[in-house]
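J.: Protein chains in written order, with our numbering: chain A, 1 to 217; chain B, 218 to 703.
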């Protein structure tokens, strides 16, 4: 009888101790691109709210990264903050606090860039999230979606975003858009086509009161 | 060849073709009448026979199941009754051992008291010694009237009277002293009487308790006899008792499941701190599975504890263990339960800490700092959660009692349900057998109805042939009889 009891205790301990690490289809990965070109840097305060909201929604095991969009965004150097939250909720909360501090510091210190390489940022995001091995992948683009590339940069590369959800946030209207709204519509349509041709899903959210649909529980 | 081509084989006219085909089919059907009738009857009889056999075998199975149910019910009732009688005898034994073992002492005590009372009584009855006999003579002399002429005699007589009166006073004092002593003795008897009265009351109580127990044993023995004799009333009582037990135990188990769910919610979240919050096991969160396992282990330990205490009898192996092993088992299971309860209390505390941390983080991120509960109120929820975390594992221990009742009564309920199902199926097959029989007869009649024209022709032809034959027969008989007469 004693032997049986000991055996049961061992089985229970093993059962409690083992957790699958290799396959994480239930985890979420969010990569957020922040446009820092020209006057759009003034909008970054709004981005802070979105980042805080996303932090509050993410759970242990999820991945979150923030990257700036500047002249050449296809680079790890442009990643402002990145984290894969610890399994333990208390440690994950600590990481969230540290993450927020980094973002706050970045928003304070950010300098406007001359060009806007959104495609490079997207490619970097795809690479990062694929490497993270998360289940549900989301790319948030906080930008007016007006891409301006420096001469010599090649970005007409198809985006492989199969299984990705790409959400454009706070797509502000430029002065020229007000003159001819077709420019704005064409810009949105162009990005939608690029994402959908890469088998990804595309959404635009300009009303930041409806953020709950961006990151679902 | 299409259907329309075949249909219009005989004529281009649809109506004529229909008539021709009808005639052909009717003739063919008429020719096939006998074998078709035989076939329909054979099929109907076959189905009827198969259904009847199935119905009979189901009825047989139901009877066997009912007998088996009855056996199980009687055996369970017998066992329960034996257990009750055994317990009553055990109680009587305890009464006899505890109370009546003191009876000799009590008897001696009462005897001593009685002896003491008797002695006191005797002492109290003793009469004080009388005045000496010569006193009467002196008294008579003293009463002689005093002569005034002889003062000497008067003095003597006065002296005698004085001494007499002194003597009388002395006697009175002695008598009073004796009375006082008697009263003292009687007074001393009072506590002894009271003590004896109390002792006798105690004896009366013990004897009455014994009588009460013996009456209970008599009632239970009568019930036991009924069960042993397998009377219908005993079976009905046991069956009804099983049903009641089933529902009551089911209700209590439902409450226990509710408690287990609350317990689960209490420890599932903080368990993520121990086993991780993102891992999955068989499609469920590892933390949830670990919390569930802890609760199930607590329930299992509770079962073992109850079994070791011989409150339940689900595992005969534990019940039949040596007492020393059983006691060890009690201590081991209790220690594990205590440890798990302490772990749960710790996890409940952790849950509160995590909840507060989450709330603080959310408030700082979303900017809703007012939503955090004040520090002064926190201890209430923390203490309540810790208390629940510690108590619920021990409360779950008692699940073993309704579980045992549920398992035992389930056997009877399942038996009754199975018997009911078998009876319904037997009835269904019986109805099917009868339906098959009457369907066969009906199909035969419908078949004949379809070929009623050839049948009518046949009966007409047969009728005319028969009447012609009868006429010929009659004529020949008539001729023969005429010849005989002539």
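For each residue, glycine too, the CB sits at the ideal point set by N, CA and C. Just so we're clear, the structure is a prediction, and the values are computed from it rather than from any experiment.
As an exercise, report each continuous beta strand (DSSP E) stretch of at least 3 residues that is fully enclosed by the stretch 118 to 188 of chain A, in chain order.
T.: With a minimum length of 3 residues, the continuous beta strand (DSSP E) runs that stay inside the stretch 118 to 188 of chain A are 136 to 142 and 164 to 169.
J.: Using a beta-carbon distance cut-off of less than 9 Å, what residues from the stretch 566 to 577 of chain B approach chain A?
T.: Within the stretch 566 to 577 of chain B, the qualifying residues are 567, 570, 571, 574, 575 and 577.
J.: Measure the Cβ-Cβ separation of residue 602 of chain B and residue 628 of chain B and say whether it is below 8 Å.
T.: One-based indexing of the second chain puts residue 602 of chain B at position 385. One-based indexing of the second chain puts residue 628 of chain B at position 411. No, these two residues do not count as a Cβ contact at 8 Å.
J.: Would you kindly check if the distance between the Cβ of residue 43 of chain A and the Cβ of residue 178 of chain A is under 8 Å?
T.: In the first chain, residue 178 of chain A corresponds to position 178, counting from 1. In the first chain, residue 43 of chain A corresponds to position 43, counting from 1. Not in contact: residue 178 of chain A and residue 43 of chain A (Cβ atoms no closer than 8 Å).
J.: Any C-beta of chain A within less than 9 Å: which residues of the stretch 491 to 507 of chain B qualify?
T.: Those would be 491, 492, 493, 494, 495, 496, 497, 498, 502, 503, 504, 506 and 507, in chain order.
J.: Could you compute how far the alpha carbon of residue 520 of chain B sits from the alpha carbon of residue 25 of chain A?
T.: Working through the second chain from its first residue, we reach residue 520 of chain B at position 303. Working through the first chain from its first residue, we reach residue 25 of chain A at position 25. Spanning the two alpha carbons is a distance of roughly 39 Å.
J.: Could you compute how far the alpha carbon of residue 21 of chain A sits from the alpha carbon of residue 96 of chain A?
T.: Here residue 21 of chain A refers to the residue found at position 21 of the first chain. Here residue 96 of chain A refers to the residue found at position 96 of the first chain. Low per-residue confidence applies at residue 21 of chain A: pLDDT is 43, beneath 50, and the placement is therefore not dependable, though the value from the model is reported in the following sentence. Going by the C-alpha atoms only, they are around 21 Å apart.
J.: Among the residues of its own chain, which have a CB less than 7 Å from the CB of residue 503 of chain B, if the five just before and after it don't count?
T.: Indexing the second chain from 1 puts residue 503 of chain B at position 286. Answer for residue 503 of chain B: 492, 493, 496 and 497, listed in chain order.
J.: Apart from the five residues just before and just after residue 189 of chain B, which ones in its own chain have a Cβ nearer than 7 Å to its Cβ?
T.: Given a span of 218 to 703 for chain B in the structure shown, any question on residue 189 of chain B remains unanswerable.
J.: Three or more C-beta pairs closer than 8 Å, one from the stretch 51 to 64 of chain A and one from the stretch 24 to 38 of chain A: is that the case here?
T.: Contact between the stretch 51 to 64 of chain A and the stretch 24 to 38 of chain A is present, because at least three Cβ pairs lie under 8 Å.
J.: With DSSP collapsed to three states, give me the class of residue 79 of chain A.
T.: Sequence index remark: in the first chain, residue 79 of chain A carries index 79 (1-based). Strand, per DSSP.
J.: Taking just the CA atoms, how far does residue 144 of chain A sit from residue 174 of chain A?
T.: The sequence position of residue 174 of chain A within the first chain is 174, counting from 1. The sequence position of residue 144 of chain A within the first chain is 144, counting from 1. Distance between the alpha carbons of residue 174 of chain A and residue 144 of chain A: 8 Å.
J.: Chain B beta carbons: is any one of them nearer than 8 Å to that of residue 47 of chain A?
T.: By one-based count along the first chain, residue 47 of chain A stands at place 47. Not closer than 8 Å to any Cβ of chain B, the Cβ of residue 47 of chain A fails to qualify, so no.
J.: Around the C-beta of residue 501 of chain B, are 16 or more other C-beta atoms found within 10 angstroms, so that it is buried, or is it exposed?
T.: The sequence position of residue 501 of chain B within the second chain is 284, counting from 1. With fewer than 16 Cβ atoms within 10 Å of its Cβ, residue 501 of chain B is classed as exposed.
J.: Under the DSSP definition of a beta bridge, which residues are partnered with residue 30 of chain A?
T.: Counting from one through the first chain, the residue named residue 30 of chain A turns up at place 30. Residue 30 of chain A pairs with A:64 and A:138.
J.: Can you confirm whether residue 21 of chain A, when its beta carbon is compared against all beta carbons of chain B, has any partner nearer than 8 Å?
T.: Residue numbering aside, residue 21 of chain A sits at position 21 when the first chain is read from its first letter. Residue confidence for residue 21 of chain A is low, a pLDDT of 43 falling below 50, so the modelled location carries little weight and cannot support an answer.
J.: Give the DSSP-derived three-state secondary structure of residue 616 of chain B in the structure shown.
T.: Sequence index remark: in the second chain, residue 616 of chain B carries index 399 (1-based). In this structure, residue 616 of chain B counts as coil in the three-state DSSP scheme.
J.: Might you give, ordered along the chain, the residues of its own chain that have their beta carbon closer than 6 Å to the beta carbon of residue 632 of chain B, omitting 5 neighbours on each side?
T.: Within the second chain, residue 632 of chain B is the residue found at index 415, counting from 1. Here the set comprises 286.
J.: Identify each residue in the stretch 467 to 493 of chain B for which the Cβ-Cβ distance to at least one residue of chain A is less than 7 Å, and report them in chain order.
T.: For the stretch 467 to 493 of chain B, which is checked against every Cβ of chain A, the residues closer than 7 Å are 489, 490, 492 and 493.
J.: Please report the straight-line C-alpha distance between residue 17 of chain A and residue 183 of chain A, rounded to a whole angstrom.
T.: The residue labelled residue 17 of chain A in the question sits at position 17 within the first chain. The residue labelled residue 183 of chain A in the question sits at position 183 within the first chain. For residue 17 of chain A, the predicted structure reports a pLDDT of 49, less than 50, and the residue's modelled location is therefore unreliable. A value from the coordinates is still provided. If I take the Cα positions, the gap works out to 57 Å.
J.: If we count the other Cβ atoms within 10 Å of its Cβ and call it buried at 16 or more, is residue 331 of chain B buried or exposed?
T.: As a first step, residue 331 of chain B is located in the second chain; it is residue number 114 there, counting from the start. Label assigned to residue 331 of chain B: exposed.
J.: Residues in the same chain with beta-carbon distance under 7 Å from residue 598 of chain B, minus the five sequence neighbours each way, listed in chain order, please.
T.: Against the second chain, residue 598 of chain B aligns to sequence position 381. Hits under 7 Å: 569.
J.: Would you please verify whether the beta carbon of residue 212 of chain A is less than 8 Å from any beta carbon of chain B?
T.: Taking the first chain and counting its residues from 1, one reaches residue 212 of chain A at position 212. Judged by the 8 Å Cβ criterion, residue 212 of chain A is not in contact with chain B.
J.: Listing by chain order, which chain A residues have their CB less than 8 Å from the CB of residue 283 of chain B?
T.: Stepping through the second chain from its first residue, residue 283 of chain B is reached at position 66. Correct list: empty, because the minimum Cβ distance to chain A is about 39 Å.
J.: At least one CB of chain A closer than 8 Å to the CB of residue 223 of chain B: is that the case?
T.: Translated into the one-based positions of the second chain, residue 223 of chain B becomes position 6. Cβ-Cβ to chain A under 8 Å: no for residue 223 of chain B.
J.: Could you give the distance in angstroms between the alpha-carbon of residue 622 of chain B and the alpha-carbon of residue 513 of chain B?
T.: For the purposes of this step, residue 622 of chain B is taken as the residue at position 405 of the second chain. For the purposes of this step, residue 513 of chain B is taken as the residue at position 296 of the second chain. Roughly 19 Å between the two C-alpha positions.
J.: Residue 70 of chain A and residue 78 of chain A - do their beta-carbons sit closer together than 8 Å?
T.: For the purposes of this step, residue 78 of chain A is taken as the residue at position 78 of the first chain. For the purposes of this step, residue 70 of chain A is taken as the residue at position 70 of the first chain. Contact flag set, yes.
J.: Any Cβ of chain B within less than 8 Å of the Cβ of residue 65 of chain A?
T.: Here the question's residue 65 of chain A lines up with position 65 in the first chain. No, no contact with chain B.
J.: Under DSSP, the alpha helix (DSSP H) around residue 100 of chain A begins and ends at which residues?
T.: Position 100 of the first chain, counted from the start, is the residue given in the question as residue 100 of chain A. Run containing residue 100 of chain A: 89 to 109, per the alpha helix (DSSP H) assignment.
J.: Does the distance from the C-beta atom of residue 121 of chain A to that of residue 158 of chain A stay below 8 Å?
T.: Counting from 1 along the first chain, the entry for residue 121 of chain A is found at position 121. Counting from 1 along the first chain, the entry for residue 158 of chain A is found at position 158. No, the pair does not count as a contact, with Cβ atoms beyond the cut-off.
J.: Take the Cβ of residue 625 of chain B as the centre, count every other Cβ of all protein chains shown within 10 Å, and call the residue buried at 16 or more, exposed below.
T.: If you number the second chain from 1, residue 625 of chain B lands on position 408. Label assigned to residue 625 of chain B: buried.
J.: For a cutoff of 8 Å on Cβ pairs, would you count residue 522 of chain B as touching chain A?
T.: On the second chain, residue 522 of chain B is found 305 positions in, with the first residue counted as 1. Output row for residue 522 of chain B: interface = no.
J.: Give the secondary structure of residue 461 of chain B by DSSP, where H, G and I count as helix, E and B as strand, and everything else as coil.
T.: For the purposes of this step, residue 461 of chain B is identified with residue 244 of the second chain, where counting begins at 1. DSSP places residue 461 of chain B in helix when its eight states are reduced to three.
J.: With a 10 Å radius around its C-beta and 16 neighbouring C-beta atoms as the bar for buried, classify residue 370 of chain B as buried or exposed.
T.: The count along the second chain starts at 1 and reaches residue 370 of chain B at position 153. Residue 370 of chain B should be labelled exposed.
J.: Short of 8 Å in beta carbon distance, which residues of its chain neighbour residue 252 of chain B, apart from the five on each side in sequence? Order them along the chain.
T.: Translated into positions along the second chain, residue 252 of chain B becomes position 35. Contacts found: none.
J.: What are the boundary residues of the beta strand (DSSP E) that residue 205 of chain A is part of?
T.: By 1-based counting over the first chain, the position of residue 205 of chain A is 205. Segment 201 to 205, the beta strand (DSSP E) holding residue 205 of chain A.
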